[in-house]
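Participant: Those sequence lines, one after another, are chains A and B. Start counting the first sequence at 670; every next residue gets the next number (the numbering used here). Start counting the second sequence at 22; every next residue gets the next number (the numbering used here).
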Amino acid sequence: MSTTTKQPQEAGSNSAPKRKLRTKRRHTVAGWLFMMPFTLVFLTFLVAPLFYAAYLSTFRSALVGDTKFVLFDNYVKALTDPQFLDGVSFVLRFAVILIPLQMGVSLIVALLLDQLTTKFAKAARLMIFLPYAIPLVIGAIMWGFLYSKNFGPMGEIFGLIGAIPPDLLSRELIFFGLLNLVTWQWAGYYMIIIFAALQGIDSTLYEAARIDGANNLQIALKIKIPLVTPALVLILIFALIGTLQFFNEPQILKPLAAGAIDASFTPNMYAYQQAFLLGDFNYGSTISFVLGAVVFVFVYIFIFATRRRGGFML
Amino acid sequence: MIEADRIPNYQIQGALADISDYVDASIRSNFSDGAWNDVSVGAGIYGAPIDGGPMGMIYRTDVFETYDITPPTTWAEYETAAETVKAAGGPLFGNFATDAQAAIMALQIQNGATPFSYDPTNPGDIGISLNDTASKGVLEYWARLSEKGLVGTTNQFTPEYIAGMINGDYATEISAAWAPGYLSGAGVGAGDGEGKWAAAPIPQWDANNPVAINWGGSAFSVTAQSSQPELAAKVALGLYADDASLTHGWENQIIFPLNQQVLGSSEFNDYEVPFFGGQQANKEVFVPAANAYKGFTYSPFAQFYYEALGEAVATIHAGEATASEAADTMQSRVAAYATEQGFTVK
Numbered sequence: 670m671s672t673t674t675k676q677p678q679e680a681g682s683n684s685a686p687k688r689k690l691r692t693k694r695r696h697t698v699a700g701w702l703f704m705m706p707f708t709l710v711f712l713t714f715l716v717a718p719l720f721y722a723a724y725l726s727t728f729r730s731a732l733v734g735d736t737k738f739v740l741f742d743n744y745v746k747a748l749t750d751p752q753f754l755d756g757v758s759f760v761l762r763f764a765v766i767l768i769p770l771q772m773g774v775s776l777i778v779a780l781l782l783d784q785l786t787t788k789f790a791k792a793a794r795l796m797i798f799l800p801y802a803i804p805l806v807i808g809a810i811m812w813g814f815l816y817s818k819n820f821g822p823m824g825e826i827f828g829l830i831g832a833i834p835p836d837l838l839s840r841e842l843i844f845f846g847l848l849n850l851v852t853w854q855w856a857g858y859y860m861i862i863i864f865a866a867l868q869g870i871d872s873t874l875y876e877a878a879r880i881d882g883a884n885n886l887q888i889a890l891k892i893k894i895p896l897v898t899p900a901l902v903l904i905l906i907f908a909l910i911g912t913l914q915f916f917n918e919p920q921i922l923k924p925l926a927a928g929a930i931d932a933s934f935t936p937n938m939y940a941y942q943q944a945f946l947l948g949d950f951n952y953g954s955t956i957s958f959v960l961g962a963v964v965f966v967f968v969y970i971f972i973f974a975t976r977r978r979g980g981f982m983l
Numbered sequence: 022m023i024e025a026d027r028i029p030n031y032q033i034q035g036a037l038a039d040i041s042d043y044v045d046a047s048i049r050s051n052f053s054d055g056a057w058n059d060v061s062v063g064a065g066i067y068g069a070p071i072d073g074g075p076m077g078m079i080y081r082t083d084v085f086e087t088y089d090i091t092p093p094t095t096w097a098e099y100e101t102a103a104e105t106v107k108a109a110g111g112p113l114f115g116n117f118a119t120d121a122q123a124a125i126m127a128l129q130i131q132n133g134a135t136p137f138s139y140d141p142t143n144p145g146d147i148g149i150s151l152n153d154t155a156s157k158g159v160l161e162y163w164a165r166l167s168e169k170g171l172v173g174t175t176n177q178f179t180p181e182y183i184a185g186m187i188n189g190d191y192a193t194e195i196s197a198a199w200a201p202g203y204l205s206g207a208g209v210g211a212g213d214g215e216g217k218w219a220a221a222p223i224p225q226w227d228a229n230n231p232v233a234i235n236w237g238g239s240a241f242s243v244t245a246q247s248s249q250p251e252l253a254a255k256v257a258l259g260l261y262a263d264d265a266s267l268t269h270g271w272e273n274q275i276i277f278p279l280n281q282q283v284l285g286s287s288e289f290n291d292y293e294v295p296f297f298g299g300q301q302a303n304k305e306v307f308v309p310a311a312n313a314y315k316g317f318t319y320s321p322f323a324q325f326y327y328e329a330l331g332e333a334v335a336t337i338h339a340g341e342a343t344a345s346e347a348a349d350t351m352q353s354r355v356a357a358y359a360t361e362q363g364f365t366v367k
């Protein structure tokens, strides 16, 4: 027969529900305040420029004449521009060769280092990671010198076996010159990611496998690799995004490569040339957006393809 | 500070102010017509001339002595001398680079070409002539020399090339008056290489019709954004107008001032240039070249043109095109770009 009724409350007093509501509101407000600095920077330096670039890409400017509003004509021009398409074809071909190579190298090295627990393994881990710690620009300049005929060691090394050193900055071999450079820079980073994932595997699985008579290679193939596939997928997506936006290394090696690298070698370089060298910000913005769309499409394909299966389940 | 061959590129985008109102007769008389032509676009003056790059040929005296060569005065002689040196097992005679586009354009003009004709009173009209006989002739000449292995193909503004210069890999360099400053700053002509370089007038295509040419040269321009163009022009015209600055310029900064008072002074002319082992290179080579220089008409899209020219040379080096084909491709590329940018190509 007892009824619970709410006590009549006086206005503004410290009642339980009101206190909860006020606290919740305070927490909400506090949360937004903490977000504010990041949000402001994000809006100012990422979202607003994106909108502005999109706005610019709907106009066409010329050295003689006014800037005209052309809506999507610039996009049509970009998609039929042989220089842009050549650049896209290059980064796609480059990605197809580079990404498996990078992932293969980093996976094998991570597996090997996981196997060894000696001091040498620790030192090796550091040394393989070191190229990633070197700023990209410095690394590219350094390799520019290593590839050069006068400064590089190739002349001497090949001289030992009496052969002519390949010119990795020539038109024929620049693909491999860049391949070598990028693998050197990034393999260490990917290796660490895979290595960390490997450390997270429960070692009782290995014991169980050993009891079943598996050798190291079988353990690696059947247990380790399948269990690190999330890390591999992560690396794949990073590598894909990075390679499609390839800019730093070819831009730096361009003056040294005596014509092997032209201004539209990669789509990002073409956007840079249009915007900053030729002063055509409208077309440069267009190319950036089209490239962004290409990256988005490919990454979406990959995420979709690896979503359910979670990777390369054998 | 802007290089003279880029002035039309900025002028057409409305970035530079016309300072002809602030150039009075006394200032005008301080510079040759050629110097004023280089900083003008049509009747407007868009920069105060400071220094120039009259072209000459610098060569290694020791190589010329060893192989018994006298400095060639025509390009035909240059080729013969190169063949002599190669046959005797000597170093490369010169270099044909993809990044010395302004020099190639100068050589084409020397041969009689007029790559660009542009008058800003009709800003829509432009004449582009990059594949006529004279222009092709120059590209064919250098393509032939590089094919025969007489000249190198390294990019000229790289450590690679400088290392080659220090090593003595090149017997000559087709160069300009700023070379001593640039090269000695990079380490050429020091140590073993000291005093081994000398300067000679640039070889001519036609011995009876010598043409003086120029590579580079800077000016101080006033931007259109300036809210005080008169004062800015005063600064631009005045920075290198006094004797002390000019002397410091050519003695320490090793620039080649275009001011007539310097070019006419005995100090400058009799100066024994250390890079050339004491040769009075100014009197013998560069001052006459500067005085005879009439100025070039540069394109209003130098950036695009130089890149197309660099590409053309690269295709020649790679054997992907003959010089003639490369010139034709370049002509159509530049003409297409000009049309797209709103010009009417004549």
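The C-beta atom is built at its ideal place from N, Cα and C for all residues, glycine as well. Predicted model only: the values in this text are computed from it and were never measured.
(1) Look at Ala779 of chain A and Met860 of chain A and say whether their C-beta atoms are less than 8 Å apart.
(2) Anything in chain B within Cβ reach of Phe820 of chain A, meaning under 8 Å, just list it in chain order.
(3) When you compare each of A:Ile888, A:Phe915 and A:Ala865 to Thr873 of chain A by their alpha carbons, which one comes out closest?
(4) For the putative contact between Ser138 of chain B and Thr318 of chain B, defined by C-beta atoms under 8 Å, what is the C-beta separation to the nearest angstrom?
(5) Let me know if Gln868 of chain A comes out buried or exposed under the rule of 16 or more other beta-carbons within 10 Å of its beta-carbon.
(6) Buried or exposed: Asp351 of chain B, going by 16 or more other Cβ atoms within 10 Å of its Cβ?
(7) Examine chain A for any beta-carbon lying closer than 8 Å to the beta-carbon of Leu330 of chain B, and answer yes or no.
(8) What's the call for Thr692 of chain A, buried or exposed, on a 16-neighbour Cβ count within 10 Å?
(9) May I ask which residues mark the beginning and end of the alpha helix (DSSP H) holding Met823 of chain A?
(10) Just the C-alpha distance for Ser345 of chain B and Trp812 of chain A, rounded to the nearest angstrom, thanks.
(11) Apply the 10 Å Cβ neighbour rule to Trp163 of chain B and answer buried if 16 or more other Cβ atoms are within range, or exposed otherwise.
(12) Check whether the Cβ atoms of Glu876 of chain A and Ala809 of chain A lie closer than 8 Å to each other.
(13) Leaving out the 5 sequence neighbours to the left and right, which residues in its chain are closer than 8 Å to Ile826 of chain A when beta-carbon positions are compared?
(14) Quick one: give me the first and last residue of the beta strand (DSSP E) that Tyr721 of chain A is part of.
(15) If you reduce the DSSP assignment to three classes, tell me which class Thr708 of chain A lands in.
(16) Applying the 10 Å Cβ sphere with the 16-neighbour rule, what's the burial state of Val851 of chain A?
(17) Please list, in chain order, the chain B residues whose beta carbon lies closer than 7 Å to that of Asp750 of chain A.
(18) Note down, in chain order, every chain B residue with its Cβ under 8 Å from the Cβ of Val733 of chain A.
(19) Do the stretch 242–262 of chain B and the stretch 25–43 of chain B meet, that is, are 3 or more Cβ pairs less than 8 Å apart?
(20) So for Ala118 of chain B, helix, strand or coil by DSSP?
(21) I need the boundaries of the alpha helix (DSSP H) containing Tyr203 of chain B, first residue and last residue.
(22) What first and last residue would you give for the beta strand (DSSP E) that runs through Glu361 of chain B?
(23) Does DSSP classify Phe296 of chain B as helix, strand or coil?
(24) Please work out which residues of its chain come closer than 7 Å, Cβ to Cβ, to Gln324 of chain B, disregarding the five sequence neighbours upstream and downstream, and give them in chain order.
(25) Along the stretch 938–969 of chain A, where does the CB come closer than 7 Å to a CB of chain B? Name the residues.
(26) Reducing DSSP to helix, strand and coil, say where Gly980 of chain A ends up.
(27) Smallest Cα separation from Glu328 of chain B: which of B:Ala240, B:Met78, B:Met186 and B:Ala118?
(28) Please classify Gly237 of chain B as buried or exposed, where buried requires at least 16 other C-beta atoms within 10 Å of its C-beta.
(29) With a cut-off of 8 Å, does the C-beta of Ser817 of chain A fall near any C-beta of chain B?
(30) Check whether the stretch 836–847 of chain A and the stretch 942–952 of chain A are in contact - that is, three or more C-beta pairs closer than 8 Å.
Facilitator: Short version:
(1) The residue given as residue 779 of chain A occupies position 110 in the first sequence. The residue given as residue 860 of chain A occupies position 191 in the first sequence. In this structure, Met860 of chain A lies closer than 8 Å to Ala779 of chain A by Cβ.
(2) Against the first sequence, residue 820 of chain A aligns to sequence position 151. By Cβ distance, chain B contributes Pro180, Glu181 and Ala184.
(3) Here residue 873 of chain A is taken as the residue at index 204 of the first sequence, counted from 1. When only C-alpha atoms are compared, the closest one is A:Ile888.
(4) Start at 1 with the first residue of the second sequence, and residue 138 of chain B comes out as number 117. Start at 1 with the first residue of the second sequence, and residue 318 of chain B comes out as number 297. Yes, they are in contact, since the Cβ atoms of Ser138 of chain B and Thr318 of chain B sit about 6 Å apart, within 8 Å.
(5) Locating residue 868 of chain A in the first sequence gives position 199, counting from the first residue. Exposed, because fewer than 16 other Cβ atoms sit within 10 Å of the Cβ of Gln868 of chain A.
(6) Walking along the second sequence from the start, residue 351 of chain B turns up at place 330. According to the sequence provided, residue 351 of chain B is Met. The question's Asp does not apply to it. By the neighbour-count rule (16 or more Cβ atoms within 10 Å), Met351 of chain B is buried.
(7) Residue numbering aside, residue 330 of chain B sits at position 309 when the second sequence is read from its first letter. Chain A, which has no Cβ nearer than 8 Å to the Cβ of Leu330 of chain B, makes this no.
(8) By 1-based counting over the first sequence, the position of residue 692 of chain A is 23. Exposed, because fewer than 16 other Cβ atoms sit within 10 Å of the Cβ of Thr692 of chain A.
(9) The count along the first sequence starts at 1 and reaches residue 823 of chain A at position 154. Element bounds for Met823 of chain A: Met823 to Leu829.
(10) As a working mapping, residue 345 of chain B is identified with position 324 in the second sequence. As a working mapping, residue 812 of chain A is identified with position 143 in the first sequence. Spanning the two alpha carbons is a distance of roughly 35 Å.
(11) What you label residue 163 of chain B is simply residue 142 of the second sequence in a count that begins at 1. Burial call: buried.
(12) The residue you call residue 876 of chain A lines up with position 207 of the first sequence. The residue you call residue 809 of chain A lines up with position 140 of the first sequence. Not a contact, by the Cβ cut-off of 8 Å.
(13) Counted from its first residue, the first sequence places residue 826 of chain A at position 157. If we look at Ile826 of chain A and ignore the five residues flanking it on each side, its Cβ neighbours are Pro834.
(14) Position 52 of the first sequence, counted from the first residue, corresponds to residue 721 of chain A. Run containing Tyr721 of chain A: none in the beta strand (DSSP E); it sits in the alpha helix (DSSP H), Ala717 to Leu725.
(15) Counting from one through the first sequence, the residue named residue 708 of chain A turns up at place 39. In the structure shown, Thr708 of chain A sits in a helix (DSSP, three-state: H, G or I).
(16) For the purposes of this step, residue 851 of chain A is identified with residue 182 of the first sequence, where counting begins at 1. With 16 or more other Cβ atoms within 10 Å, it is buried.
(17) What you label residue 750 of chain A is simply residue 81 of the first sequence in a count that begins at 1. Those do not exist, as Asp750 of chain A stays about 11 Å from chain B at its closest Cβ, beyond 7 Å.
(18) To locate residue 733 of chain A, count along the first sequence from 1; it is residue 64. Under the 8 Å cutoff, chain B gives Ile33, Pro144, Gly145, Gln362, Gly363 and Phe364.
(19) yes
(20) Walking along the second sequence from the start, residue 118 of chain B turns up at place 97. Correct three-state label for Ala118 of chain B: coil.
(21) To locate residue 203 of chain B, count along the second sequence from 1; it is residue 182. From DSSP, the alpha helix (DSSP H) with Tyr203 of chain B extends over Ala200 to Ala207.
(22) Sequence index remark: in the second sequence, residue 361 of chain B carries index 340 (1-based). Unbroken run through Glu361 of chain B is the alpha helix (DSSP H), Ala344 to Glu361; no beta strand (DSSP E).
(23) Within the second sequence, residue 296 of chain B is the residue found at index 275, counting from 1. Phe296 of chain B falls in the helix class under three-state DSSP.
(24) The residue labelled residue 324 of chain B in the question sits at position 303 within the second sequence. Around Gln324 of chain B: Asn30.
(25) Leu946, Leu947 and Gly948
(26) As a first step, residue 980 of chain A is located in the first sequence; it is residue number 311 there, counting from the start. Because the pLDDT at Gly980 of chain A is just 47, under 50, the model does not fix this residue reliably, and the point stays unresolved.
(27) Position 307 of the second sequence holds residue 328 of chain B. Per the Cα distances, B:Ala118.
(28) As a working note, residue 237 of chain B is residue 216 in the second sequence. It counts as buried.
(29) As a position in the first sequence, residue 817 of chain A is number 148, starting the count at 1. Yes - at least one Cβ of chain B is within 8 Å of the one on Ser817 of chain A.
(30) no
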